[in-house]
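Trainee: Sequence lines, in order, name chains C and Y.
If you're matching positions, the first sequence starts at 92 in the numbering used here and goes up one per residue.
If you're matching positions, the second sequence starts at 92 in the numbering used here and goes up one per residue.
Note that beta-carbon positions come from the ideal geometry of N, C-alpha and C, so glycine has one too.
Number of protein chains: 2
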Amino acid sequence: MQHPPLNVFSRRRSLVQKKISRWGVDGILLADICNIRYLSGFTGSEGLLLASPEGVRLLVDGRYTAQARREVCGIPVFEFADRLEGVEQAAAKMRLQKIGFEPLHMNVSDHDRLIRRLKNVNLIPLGEELRMLRARKDAAEIVLMKKAAAIAARAASGLAEALRPGWTEREAALYLEMQARQGGAEQMAFETIVASGENGAFPHAQPSCRKIRHGDFVVVDFGVRYQGYCSDETCTFAIGELTRNQKNAYRAVKRAHDEAIAAIGAGAAAAEIDALARRTLGKKYSRYFVHGTGHGVGLEVHEAPRLAPTSKDVLQSGMAVTVEPGLYYPGLWGIRIEDTVVVKKNGCEMITSMSKDLITIE
Amino acid sequence: MQHPPLNVFSRRRSLVQKKISRWGVDGILLADICNIRYLSGFTGSEGLLLASPEGVRLLVDGRYTAQARREVCGIPVFEFADRLEGVEQAAAKMRLQKIGFEPLHMNVSDHDRLIRRLKNVNLIPLGEELRMLRARKDAAEIVLMKKAAAIAARAASGLAEALRPGWTEREAALYLEMQARQGGAEQMAFETIVASGENGAFPHAQPSCRKIRHGDFVVVDFGVRYQGYCSDETCTFAIGELTRNQKNAYRAVKRAHDEAIAAIGAGAAAAEIDALARRTLGKKYSRYFVHGTGHGVGLEVHEAPRLAPTSKDVLQSGMAVTVEPGLYYPGLWGIRIEDTVVVKKNGCEMITSMSKDLITIE
């Protein structure tokens with residue numbers, strides 16, 4: 092299996108280590124398992140990483156000791172019996188007195204217990220400082236994300252060829268997932284959504300036993316994971332002949348999707364991309380668009396930045412973000428069209444590859 | 092689709108509402124999506140639930156409004172644009188001044204922001220009070236857990252029949268998952284582990300491209316989700332002839348598994364079940380058993396109680412717990428044998444159903 096070259100991790104760590112003193116702390120404690128993977132290559136489901144300008148340590152429990160030592164290069168791995176005791180010992184060895192942490196990834200219980208344990212240590216929340224840690228993807232990451240998207244696209248093309256009226260949503264989801272897994276996906280990146288007819292009006296519908304039939308829109312939101320990296324994409328298929336209203340609505344969503352993507356580039360305000368999608372939908376449609384326009388994708392399927400009305404994020408080159416306008420008519424149907432792109436200095440590059448022209452299945 | 096009868100949710104809510112004043116608060120704010128599902132039937136991925144002795148409210152964002160109103164009966168659903176603003180408004184309407192919350196399911200960032208928003212309100216952590224909320228399963232839950240386990244067992248039997256030396260771990264995992272999904276599983280409950288030969292020494296190995304071969308143990312840890320409820324079970328298959336050491340080790344793990352299950356019953360100390368498994372393994376083996384003996388299972392694959400050396404939990408009737416001793420020899424192989432049982436007044440009842448006698452695949 093290909094893995095990101097090992098020096099990728101040490102380069103990422105150096106970049107972070109250089110910022111630590113600028114953040115007003117002498118070390119950071121990471122609990123977000125994706126941040127830990129990003130900086131170390133450790134692929135387990137739990138662990139802690141302590142970093143100071145002088146050094147980095149990975150702390151894991153007994154289930155993961157052997158695995159971590161195999162996967163991680165250049166930093167020592169310590170096994171703990173009790174997680175917070177492990178932090179206490181490592182912080183003492185590293186002589187840390189002001190430790191920054193991820194306030195979104197530390198729960199109130201752990202925080203209270205750590206404060207009691209780490210007597211002469213201050214815990215400083217580094218929300219904004221760490222939020223964008225993984226937002227700008229490096230070349231090694233883009234390679235993996237494109238690979239994930241390519242596997243996903245082949246699976247979705249397979250579904251588009253095989254799908255017939257009479258299939259249930261669950262059968263369609265399972266077919267797509269089997270194609271993706273046989274095509275090399277590690278796992279699906281999230282639970283595949285196949286939402287037909289009136290179920291399409293639920294943006295996060297779970298595949299049901301409803302049979303797909305003529306006149307339906309079928310919203311298929313799917314992503315695969317490849318070496319940890321996610322793809323995220325949504326196609327809305329037409330089953331047989333649509334009404335004029337349905338066709339017009341699809342065109343409106345497609346236009347919003349295209350315009351938003353055309354406006355993406357380094358320096359663009361995320362909220363402005365969202366606003367543009369809404370403006371393009373226009374008065375007639377925009378009140379049926381009940382979620383944000385997009386989000387970052389990477390080791391997590393939802394990560395920074397956010398493309399939504401209240402977002403203060405500014406797009407930077409290397410960020411990988413979705414653009415996914417949709418319309419949801421309760422009791423009738425739904426449409427969503429979604430691609431993932433990488434922000435470039437001027438414009439962006441598509442990562443996902445299924446055509447978003449209306450695909451009709453007879 | 093069969094669903095738990097609706098009065099199940101209102102009964103669960105009443106039980107909780109009666110305890111609220113005993114907990115020294117006048118309302119509770121739940122963010123754990125499994126607790127929310129348990130009390131309301133809402134199956135979305137995000138939401139908040141506020142409960143007082145007088146009433147209960149479910150708060151969701153625009154993606155989930157229609158779905159929540161369809162799924163939830165007997166409590167009002169409110170849509171929020173901003174989550175914490177939603178809490179602020181609901182708490183004011185419900186006149187709450189002391190709100191209990193789940194300290195393991197509220198992050199430091201939300202907690203800080205809530206404190207600033209809810210001026211004349213105290214936030215009280217209810218860790219112990221809420222930790223066991225879902226631990227004792229009711230009859231409706233046991234039905235769903237048995238259904239999940241039955242689907243999983245059929246899939247695993249299918250794998251045991253089909254598996255041949257030369258398959259990769261990934262092929263085996265995919266085969267099992269396809270069988271499970273075609274057999275009615277909503278999703279897998281967690282990423283299936285298929286760990287053969289030396290990979291078996293990693294308790295949480297991910298399926299790799301290693302080919303399964305003669306002389307291997309193959310650890311297969313699998314679970315399916317059915318209407319939200321998880322199964323959790325591990326078989327270790329033998330491929331062809333094993334060494335005497337391997338056979339003795341399997342027998343030792345099986346004995347530890349059997350003895351621990353035989354000791355389970357209402358009133359037993361969880362730490363004592365764990366200690367018994369270790370004692371039964373004996374000096375020769377127990378230092379290769381690097382994780383706890385078990386954990387609760389339900390809407391989450393890992394939930395309360397914990398069967399581990401440091402656990403203070405006492406088993407109560409209705410709790411569904413795993414028993415999963417294992418041995419991990421770095422560089423050589425691993426064994427794990429796991430079943431899920433429901434605690435009864437005297438003894439316990441098996442939920443999972445694959446035989447744990449050694450299955451040999453030629």
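Roughly how many angstroms lie between the CA atoms of alanine 246 (chain Y) and threonine 325 (chain Y), to the nearest whole one?
Mentor: Computed Cα separation, rounded: 13 Å.
Trainee: Quick one: Cα of methionine 92 (chain C) to Cα of lysine 237 (chain C), how far?
Mentor: Low per-residue confidence applies at methionine 92 (chain C): pLDDT is 45, beneath 50, and the placement is therefore not dependable, though the value from the model is reported in the following sentence. Distance between the alpha carbons of methionine 92 (chain C) and lysine 237 (chain C) is about 16 Å.
Trainee: According to the Cβ coordinates, are histidine 202 (chain C) and valine 199 (chain Y) closer than 8 Å?
Mentor: Yes, Cβ-Cβ distance for histidine 202 (chain C) and valine 199 (chain Y) is below 8 Å.
Trainee: Just grab the DSSP bridge partners of methionine 279 (chain C) for me.
Mentor: In DSSP, methionine 279 (chain C) forms a bridge with C:Val315.
Trainee: If we require 4 or more residues per run, which alpha helix (DSSP H) segments fall completely within the segment 313-392 of chain C?
Mentor: Within the segment 313-392 of chain C, the complete alpha helix (DSSP H) runs of at least 4 residues are 335-354 and 361-377.
Trainee: Find the residues of chain C that neighbour threonine 327 (chain Y), judging by a C-beta separation of less than 8 Å, and give them in chain order.
Mentor: By Cβ distance, chain C contributes nothing, its closest Cβ being about 16 Å from threonine 327 (chain Y), past 8 Å.
Trainee: Any beta carbon from chain C within less than 8 Å of methionine 92 (chain Y)'s own beta carbon?
Mentor: For methionine 92 (chain Y), the pLDDT reaches just 45, beneath the cut-off of 50, and the residue's location in the model is therefore unreliable, leaving the point undetermined.
Trainee: Can you find a CB in chain Y that lies within less than 8 Å of the CB of histidine 382 (chain C)?
Mentor: True, the Cβ-Cβ gap to chain Y drops below 8 Å.
Trainee: If you follow the alpha helix (DSSP H) that aspartate 201 (chain Y) is part of, which residue opens it and which one closes it?
Mentor: Aspartate 201 (chain Y) -> alpha helix (DSSP H) spans 199-208.
Trainee: Measure the CB-CB distance between isoleucine 330 (chain Y) and arginine 304 (chain Y) and report whether it falls below 8 Å.
Mentor: Yes, Cβ-Cβ distance for isoleucine 330 (chain Y) and arginine 304 (chain Y) is below 8 Å.
Trainee: With a floor of 3 residues, list each beta strand (DSSP E) that falls wholly inside the segment 393-432 of chain C, ordered by position along the chain.
Mentor: You should have 394-398, 411-414, 417-420 and 424-427.
Trainee: By the criterion of Cβ-Cβ separation under 7 Å, what are the contact partners of leucine 224 (chain Y) in chain C?
Mentor: The premise fails here: leucine 224 (chain Y) is roughly 15 Å from chain C at the closest Cβ pair, so nothing lies under 7 Å.
Trainee: Mind listing which residues of the segment 127-154 of chain C have their C-beta closer than 8 Å to chain Y's C-betas, in chain order?
Mentor: Residues Thr134, Gly135, Ser136, Asp152, Gly153 and Arg154.
Trainee: Output the residue ranges of the alpha helix (DSSP H) runs that lie fully inside the segment 247-278 of chain C and measure 4 residues or longer, sorted by chain position.
Mentor: Runs found: 260-273.
Trainee: Could you spell out where the beta strand (DSSP E) holding threonine 451 (chain C) opens and where it closes?
Mentor: Here the beta strand (DSSP E) through threonine 451 (chain C) covers 450-452.
Trainee: The beta strand (DSSP E) spanning alanine 287 (chain Y) covers which residue range?
Mentor: Before going on, a small fix: residue 287 (chain Y) reads as serine here, not alanine. Note, serine 287 (chain Y): beta strand (DSSP E), 284-287.
Trainee: Starting from isoleucine 127 (chain Y), trace the alpha helix (DSSP H) in both directions and tell me its first and last residue.
Mentor: Element bounds for isoleucine 127 (chain Y): 124-131.
Trainee: For glutamine 273 (chain Y), go through chain C and note every residue whose CB falls closer than 8 Å to its CB, in chain order.
Mentor: By Cβ distance, chain C contributes Leu265.
Trainee: Below 8 Å on the Cβ atoms is my guess for aspartate 123 (chain C) versus glutamate 193 (chain C); work out the distance and round it to an integer in Å.
Mentor: The pair is a contact, with the Cβ atoms about 5 Å apart (cut-off 8 Å).
Trainee: Counting only beta-carbon atoms, is histidine 202 (chain Y) nearer than 8 Å to chain C?
Mentor: Output row for histidine 202 (chain Y): interface = yes.
Trainee: Residues in the segment 429-440 of chain C with C-beta within 7 Å of chain Y's C-beta atoms, listed in sequence order?
Mentor: Residues passing the 7 Å Cβ filter: none.
Trainee: Quick one: which chain Y residues come within Cβ less than 7 Å of proline 421 (chain C)?
Mentor: Near proline 421 (chain C) (Cβ distances below 7 Å), the residues of chain Y are Ala157.
Trainee: Using a Cβ cut-off of 8 Å, which residues of the segment 285-302 of chain C contact any Cβ in chain Y, in chain order?
Mentor: From the segment 285-302 of chain C, only Ala292, Phe293, Pro294, His295, Ala296, Gln297, Ser299 and Cys300 have a Cβ closer than 8 Å to chain Y.
Trainee: Assign leucine 106 (chain Y) to buried or exposed, taking buried as 16 or more other Cβ atoms, counted over all protein chains shown, within 10 Å of its Cβ.
Mentor: Leucine 106 (chain Y) is exposed by the Cβ-count criterion.
Trainee: Counting only Cβ pairs nearer than 8 Å, list the residues of chain B close to proline 194 (chain Y).
Mentor: As a matter of chain content, chain B is missing from the structure shown, whose protein chains are C and Y.
Trainee: Who are arginine 225 (chain Y)'s beta bridge partners in DSSP?
Mentor: Partner(s): none; arginine 225 (chain Y) has no beta bridge.
Trainee: Check whether the Cβ of valine 432 (chain C) sits closer than 7 Å to any heavy atom of the ligand SAM, and report yes or no.
Mentor: The model depicted lacks the ligand SAM and carries no ligand whatsoever.
Trainee: So is glutamate 176 (chain C) buried or exposed if we call it buried at 16+ other beta carbons inside 10 Å?
Mentor: With fewer than 16 Cβ atoms within 10 Å of its Cβ, glutamate 176 (chain C) is classed as exposed.
Trainee: Might you give, ordered along the chain, the residues of its own chain that have their beta carbon closer than 7 Å to the beta carbon of serine 101 (chain C), omitting 5 neighbours on each side?
Mentor: Within the same chain, serine 101 (chain C) has close Cβ partners Gly165.
Trainee: Do the CB positions of glutamate 260 (chain C) and serine 299 (chain C) come within less than 8 Å of each other?
Mentor: Going by C-beta atoms, glutamate 260 (chain C) is nearer than 8 Å to serine 299 (chain C).
Trainee: Grab me the residues of serine 377 (chain Y)'s own chain with a C-beta within less than 7 Å of its C-beta, minus the 5 sequence neighbours each way, in chain order.
Mentor: Here the set comprises Arg369.
Trainee: Taking glutamine 278 (chain C) as the query, report the chain Y residues whose CB atoms sit under 7 Å from its CB, ordered along the chain.
Mentor: What glutamine 278 (chain C) touches in chain Y: Glu282.
Trainee: If you follow the beta strand (DSSP E) that glutamate 176 (chain C) is part of, which residue opens it and which one closes it?
Mentor: Here glutamate 176 (chain C) belongs to no beta strand (DSSP E); instead the alpha helix (DSSP H) covers 174-184.
Trainee: Judging by CA-CA distance, which residue of C:Asn213, C:Ala243, C:Ala347 and C:His196 is the nearest neighbour of phenylalanine 380 (chain C)?
Mentor: The candidate whose alpha carbon is nearest that of phenylalanine 380 (chain C) is C:Ala347.
Trainee: Taking only beta-carbon atoms, is glycine 218 (chain Y) less than 8 Å away from chain C?
Mentor: Yes, its Cβ sits closer than 8 Å to a Cβ of chain C.
Trainee: Tell me whether glycine 228 (chain C) is buried or exposed, calling it buried when 16 or more other Cβ atoms sit within 10 Å of its Cβ.
Mentor: Here residue 228 (chain C) turns out to be lysine, not glycine, going by the sequence shown. Buried.
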